[in-house]
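Residue numbers (the UniProt record's numbering): 1 to 353.
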């Protein structure tokens, strides 16, 4: 007697669930419409019209990123609504440091067993962040891969493309000794260092449902899922309004220590006054509960600064005021100086842990 034939669902892949997810997210995608994109999904590729977007001599800038093991907290708490914001922010914040306006975004969502409702919550965060950043969500890919991921597990990757007029590309070539470095406050840990964050929580004997030691009104999981701040609107607005921004550094993994030198000429270094940093309570808890040394904190985390901005000294106050009016919390971090052949970032003062 012949055995019953198998189908794709028997193997763990539900095509109908994938189609339901597409139906759920179509209005979310449509809400990200912007000039140059039709924001429709269902085709084999997304199309973007640079001419309709208003560019004349553009350079394209492309980025890709994920959110690391912060995903584990979202999965283990069942709080999926903001992790998509992190995904977009990690990509578009990298675009804007080159002076580029984000144009469109695509996501890759891989899971062991597809839940359309969970997928829609994730894409809801992606769409909300795309709207905030002014870029269209033009498509993506959902992959149901039983055997690769446990049920309930998923992974995310994001891909974004932006454009900048050729003569406005950052960093500028005139970054020089004497320039001032401003810092824009972060919203917390953002999306880097979560393998260490999770280890600290484990060492402290805390579950994600316990009150956060640094924010008792929130559970630890909810507090640590505070999404990465989106700097696109404020940064592009200040670049255009002041014409004084020479360079920007998105402070991600590696902290100020590793990221600021990426936008400085090799003949220059940065001197940072740690006394100016307003260190959020989450970092003080991580340092205390984990016994993490200040030097390691500065390499693993942003420690309260999500974006560094290099400007001429004579324009520093004007640029700082413009960022404040755009809703950013701004500090005067330090200055650019001639390199001495040692570390490219020199710290003075004391980190407020």
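Where a beta carbon is used, it is the ideal one built from N, C-alpha and C, also for glycine.
Source: prediction; values computed, not measured.
- Task: Taking residue 272 and residue 189 to be in contact with their CB atoms under 8 angstroms, please state how far apart those CB atoms are, rounded to whole angstroms.
- Result: Wrong, their Cβ atoms sit about 19 angstroms apart, outside the cutoff.
- Query: Is there contact here, the region 29 to 38 with the region 135 to 144, by at least three beta-carbon pairs under 8 angstroms?
  - Reply: yes
- Message: I'd like to know whether the C-beta atoms of residue 317 and residue 184 end up nearer to each other than 8 angstroms.
- Response: no
- Task: Note down, in chain order, each residue of its chain lying with its Cβ closer than 7 angstroms to the Cβ of residue 349, except the 5 sequence neighbours on either side.
- Result: 273, 274 and 275
- Message: residue 310 and residue 181 - do their beta-carbons sit closer together than 8 angstroms?
- Response: yes
- State yes or no: is the C-beta of residue 315 within less than 8 angstroms of the C-beta of residue 249? Contact flag unset, no.
- Between 26, 111 and 186, which lies nearest to residue 139 when the distance is taken from Cα to Cα? 26
- Excluding five sequence neighbours on each side, which residues of the same chain lie with their C-beta closer than 7 angstroms to the C-beta of residue 129? 84, 85, 88, 89 and 230
- Message: Do residue 114 and residue 82 count as a contact pair if the criterion is CB distance below 8 angstroms?
- Response: no
- How should residue 270 be labelled, buried or exposed, when 16 other C-beta atoms within 10 angstroms of its C-beta is the threshold for buried? Buried, by the Cβ-count rule.
- Query: With distances taken from CA atoms, which of 305, 238 and 292 is nearest residue 325?
  - Reply: 238
- Task: Quick one: residues in its chain with C-beta nearer than 7 angstroms to the C-beta of residue 100, no 5 flanking neighbours on either side, listed in chain order?
- Result: 61, 162, 163 and 164
- Query: Any idea if residue 207 is buried or exposed, counting beta-carbon neighbours within 10 angstroms, 16 or more meaning buried?
  - Reply: Residue 207 counts as exposed, since fewer than 16 other beta carbons sit within 10 angstroms of its beta carbon.
- Message: How far does the alpha helix (DSSP H) with residue 90 in it extend, from its first residue to its last?
- Response: Looking at the DSSP string, the run of the alpha helix (DSSP H) that includes residue 90 is 83 to 96.
- Is the region 116 to 126 in contact with the region 47 to 64, if contact means three or more CB pairs nearer than 8 angstroms? no
- Message: I believe residue 299 touches residue 342 by the beta-carbon criterion, under 8 angstroms. Please report the beta-carbon distance rounded to the nearest angstrom.
- Response: Contact doesn't hold; Cβ gap of about 16 angstroms is too wide.
- Query: residue 257: buried (16+ other C-beta within 10 angstroms of its C-beta) or exposed?
  - Reply: buried
- Item | Backbone secondary structure at residue 314 - three-state DSSP | helix
- Message: My parser needs the alpha helix (DSSP H) runs of 4 or more residues fully inside the region 45 to 87; what are they?
- Response: 70 to 77
- Message: Quick check on residue 150: does DSSP put it in helix, strand or coil?
- Response: coil
- Would you say residue 228 and residue 157 are within 8 angstroms of each other, going by their C-beta atoms? no
- Message: Measuring only the C-alpha atoms, how far is residue 288 from residue 353?
- Response: 8 angstroms
- Item | Bridge-paired residues (DSSP) for residue 155 | According to DSSP, residue 155 bridges with 110.
- Coarse secondary structure for residue 251, derived from DSSP in three states: coil
- On the three-state DSSP scale, how would you describe residue 126? helix
- Item | CB of residue 79 within 8 angstroms of CB of residue 225, strictly | yes
- Query: Considering only residues of the same chain and omitting the five flanking positions on each side of residue 201, which have a CB-CB separation below 6 angstroms?
  - Reply: none
- Task: Please go through the same chain and pick out, in chain order, the residues whose beta-carbon is closer than 8 angstroms to the beta-carbon of residue 354, but skip the five residues on each side of it.
- Result: Not covered by the structure: residue 354. The range shown for the chain is 1 to 353.
- Within the region 194 to 244, ranges of the alpha helix (DSSP H) (whole runs, at least 4 residues): Taking only runs of at least 4 residues, the alpha helix (DSSP H) segments lying wholly in the region 194 to 244 are 194 to 203, 220 to 224 and 232 to 242.
- Item | Member of 204, 167, 304 and 337 whose CA lies at the smallest distance from the CA of residue 291 | Per the Cα distances, 204.
- Message: Tell me the rounded alpha-carbon separation between residue 198 and residue 220.
- Response: Computed Cα separation, rounded: 11 angstroms.
- Query: If you draw a straight line from the alpha carbon of residue 281 to that of residue 187, how long is it in whole angstroms?
  - Reply: 11 angstroms
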